[in-house]
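Residue numbers (this note's numbering), protein chains in the order written: chain A, 27 to 377; chain B, 27 to 377.
For every residue, glycine included, the Cβ atom is placed at its ideal position computed from N, Cα and C.
The structure appears right after this line, and notes come after that.
Protein chains: 2
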Amino acid sequence: MKINFYPGPSKVYPQVARFMQEAFEEGVLSLQHRSPQFVEISRKVQQGMREKLGVPNNYTVLYTSSSTEGWEIVNQAFADFEGLHLFSGAFGQKWFDYRKKMLPERTHSLPFSLEDLPPVPALEQPEKTVLHLTQNETSNGTQIPMSYLQSLRQRFPEALLAIDVASSLGGISLNWQQGDIWLASSQKCLGLPAGLGLLIVSEKAAQQARRTEHYNSLPFLLEKMQDLQTTYTPNVLGIYLLSRVLESVKPIDEVARQTSFRAAKWYAFLSEHGYPTLVQNTEVRSQTVIPVKGSPTFVRQCKAAAEEAGFVLGNGYGDWKATTFRIANFPALEEPEIEQLQRFLRHLQLT
Amino acid sequence: MKINFYPGPSKVYPQVARFMQEAFEEGVLSLQHRSPQFVEISRKVQQGMREKLGVPNNYTVLYTSSSTEGWEIVNQAFADFEGLHLFSGAFGQKWFDYRKKMLPERTHSLPFSLEDLPPVPALEQPEKTVLHLTQNETSNGTQIPMSYLQSLRQRFPEALLAIDVASSLGGISLNWQQGDIWLASSQKCLGLPAGLGLLIVSEKAAQQARRTEHYNSLPFLLEKMQDLQTTYTPNVLGIYLLSRVLESVKPIDEVARQTSFRAAKWYAFLSEHGYPTLVQNTEVRSQTVIPVKGSPTFVRQCKAAAEEAGFVLGNGYGDWKATTFRIANFPALEEPEIEQLQRFLRHLQLT
């Protein structure tokens, strides 16, 4: 099996193999989602999210089938709010495009460029506005620092902040109080297979969410989660694996220190060995997704040689499809694997 | 591990344990859903559904996250159609209630009773009507025979037929041409874990489906499936396990013969040993879900004694919650397991 440095789906934690076996042996694959056993697994997820990732007690963790469903749920729940999207990359833009199609009158964009912090917007009616931000932009390897979120929060305490942390949740420390709706998925920093999304919702957002007749209406999901259940048959195995991974990982502060240390090493290594990174500004470059920039030929050759040597590198995405490849710096990757890839890159000679 | 006779999620095929291990070893858990490897798995599902379950070439198999999402997709796609719901049980009623809430003006019901075939409706505008039927009603163990669907089809060739086969797909032979939209899920007769739904759509339905801006708009899902892909990050592991189970099962005619033989044995056994079944009419009683009827005390005692002896029986559902327990007759259950449960029931003496 190749070592997978794709920034999601990426390498899963090695213990997932054992957890799957135990799921089979313990009958988890046949569990009713209304059974006490499922409720117990769900309780462990809530507990693990609080103990290991620091999710506050007044935030609820919901299961979705994907981050895209998460977008849909948020669009529905706040359809009567103005939506302002701040983005510098393809996933932030996609999120904007999706809301714009559904709610064209109420959806606005504030794009910013790769090396910049997002601007501070002017809001006419902050108490009826959802600000949409992509904390870690998987497509171009930029990130929004927590300090920016904090200043936004201070300036507009009435606004709701919806924050995409698809490729950072589980890898870095998040300052939960600075956001109201956090969207994530299992197949990135959580080191799990795809097929499970997470929506982490503050009390403030919960109180303002509009009820619809859809099965995934946010108030309905929140109501069911009071009993640790869902409004539909969920991916029980995915939720079980999440509960086990949360049990087995270190607290986020420790994981975040490792992520930060490894990221610094990666950036230093790449600079030293002639691999220019896409983002230069250290304040906004991602710690979990690292794009390397070059000519289309260089990028193609790097990926092909890596493949041959047993590594999967991430393709470029969107505007950067041909001229970057991406390296995941996710916690499930192990030190010797990173060293192996660095050794390979150090000795790579392209024709 | 207890032997699970719950009518879904029920016992998974034993080979699922090995398939999960192989998924881990082959890197399936880290597969990108736009990669050629995923497309190949998806191709195998399409092929398996045709070869093993007889899905015709002009029907498309779509992946959903649950049957409930399937309802949502169908409601959206045919929101400008009249919807008539024929049902005798709780799941058919739920489906009706769901559409009624979303499309109150255009949703009508035609309930019928437990021992009856559904009536033949009078349709004012059959070419703009979706008939909703629950082929196998998991809540009360009734089924609608294929011959009824055929007569409905002959009478209203212009109408669309949406048919819930959640607890029969993979267990009995379906006459695909008699329906346009078939809704199913993985955790019942397919012997797989929960977290994956299926939507099988005829060309006729595809042509009439309305496009919306939702990510799970039916025309958009169909379009992506031309490339064997999805519009969101799917449950890749679930889809892989489905591809492997389809490879490993016998063709549906053979499976259906076994289901039918075992169902006949179950009904004879229950009648002989003083376990009255809920449904008497042999034409409408289910072959895959068998409810046994009795006083609340009898039902409670049976379930508790079975639990103690290592079997999980299904609770009653809806109106029949207290006065029935249900036995799954799903293909993943093995002959010796069924014999064990029958031996237990034969010797059970309640106080």
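C-alpha distance - residue i paired with residue j, whole-angstrom precision
| i | j | result |
| --- | --- | --- |
| residue 310 of chain B | residue 54 of chain B | 42 Å |
| residue 334 of chain A | residue 56 of chain B | 18 Å |
| residue 284 of chain A | residue 27 of chain B | 39 Å |
| residue 98 of chain A | residue 242 of chain A | 9 Å |
| residue 135 of chain A | residue 192 of chain B | 42 Å |
| residue 188 of chain A | residue 151 of chain B | 45 Å |
| residue 255 of chain B | residue 129 of chain A | 26 Å |
| residue 18 of chain A | residue 294 of chain A | This structure cannot settle anything about residue 18 of chain A, because the visible part of chain A is limited to 27 through 377. |
| residue 12 of chain A | residue 166 of chain B | This structure gives no information on residue 12 of chain A, because the portion of chain A shown stretches from 27 to 377. |
| residue 234 of chain B | residue 107 of chain B | 10 Å |
| residue 290 of chain B | residue 360 of chain B | 16 Å |
| residue 199 of chain B | residue 47 of chain B | 31 Å |
| residue 69 of chain A | residue 219 of chain B | 20 Å |
| residue 43 of chain B | residue 43 of chain A | 10 Å |
| residue 41 of chain A | residue 88 of chain B | 31 Å |
| residue 228 of chain B | residue 82 of chain B | 9 Å |
| residue 202 of chain B | residue 101 of chain A | 36 Å |
| residue 300 of chain B | residue 206 of chain A | 58 Å |
| residue 319 of chain A | residue 338 of chain B | 57 Å |
| residue 118 of chain A | residue 348 of chain A | 20 Å |
| residue 307 of chain B | residue 141 of chain B | 6 Å |
| residue 296 of chain A | residue 240 of chain B | 41 Å |
| residue 287 of chain B | residue 60 of chain B | 43 Å |
| residue 315 of chain A | residue 315 of chain B | 49 Å |
| residue 73 of chain A | residue 180 of chain A | 29 Å |
Beta-carbon proximity of residue i to residue j, cut-off 8 Å
| i | j | result |
| --- | --- | --- |
| residue 93 of chain B | residue 221 of chain B | no |
| residue 340 of chain A | residue 31 of chain A | yes |
| residue 342 of chain B | residue 326 of chain B | no |
| residue 114 of chain B | residue 163 of chain B | yes |
| residue 332 of chain A | residue 370 of chain A | yes |
| residue 213 of chain B | residue 336 of chain B | no |
| residue 317 of chain B | residue 304 of chain B | yes |
| residue 169 of chain A | residue 190 of chain A | no |
| residue 204 of chain B | residue 172 of chain B | yes |
| residue 96 of chain A | residue 247 of chain A | no |
| residue 268 of chain B | residue 225 of chain B | no |
| residue 3 of chain A | residue 159 of chain A | Only positions 27 to 377 of chain A appear in the structure, and residue 3 of chain A is not among them; the question remains open. |
| residue 110 of chain A | residue 157 of chain A | yes |
| residue 270 of chain A | residue 50 of chain A | no |
| residue 29 of chain A | residue 244 of chain A | no |
| residue 354 of chain B | residue 39 of chain B | no |
| residue 231 of chain A | residue 186 of chain A | yes |
| residue 116 of chain B | residue 236 of chain B | no |
| residue 153 of chain B | residue 131 of chain B | no |
| residue 324 of chain B | residue 197 of chain B | no |
| residue 71 of chain A | residue 272 of chain A | yes |
DSSP beta-bridge partners of residue i
| i | result |
| --- | --- |
| residue 231 of chain A | DSSP output for residue 231 of chain A lists no bridge partner at all. |
| residue 137 of chain B | B:113 |
| residue 160 of chain A | A:190 |
| residue 108 of chain B | B:155 |
| residue 85 of chain A | A:228 |
| residue 352 of chain B | B:317, B:340 |
| residue 223 of chain B | B:90, B:211 |
| residue 311 of chain A | A:168 |
| residue 30 of chain B | B:338 |
| residue 198 of chain A | A:195 |
| residue 303 of chain B | B:318 |
Legend entry - Contacting positions in the region 255 to 273 of chain A - beta carbon closer than 8 Å to chain B: 257, 258, 259, 260, 261, 262, 263, 264
Legend entry - Members of the region 86 to 104 of chain A that neighbour chain B once the beta carbon cut-off is set at 8 Å: 91, 92, 93, 94, 95, 97, 98
Legend entry - contact_flag[the region 264 to 280 of chain A, the region 71 to 81 of chain A] where n(CB pairs < 8 Å) is 3 or more: yes
Inset, instruction - Using a Cβ-Cβ cut-off of less than 9 Å, list which residues of the region 142 to 167 of chain B approach chain A; keep chain order. - result: none
Inset, instruction - Mind the definition here: the region 62 to 75 of chain B touches the region 251 to 267 of chain B only if three or more C-beta pairs lie below 8 Å; say whether that holds. - result: yes
Inset, instruction - Closer than 9 Å, Cβ to Cβ, to anything on chain B: give me those residues from the region 203 to 227 of chain A, in chain order. - result: 211, 213, 218, 219, 220, 221, 222, 223
Inset, instruction - Check distances from the C-beta atoms of the region 295 to 328 of chain B to those of chain A and list, in chain order, the residues that come in under 7 Å. - result: none
Legend entry - Contact residues within the region 42 to 53 of chain B, judged by C-beta distance below 9 Å to chain A: 42, 43, 46, 47, 49, 50, 51, 52, 53
Inset, instruction - Could you run through the region 231 to 255 of chain B and flag, in chain order, every residue whose CB is less than 7 Å away from some CB of chain A? - result: 239, 240, 241
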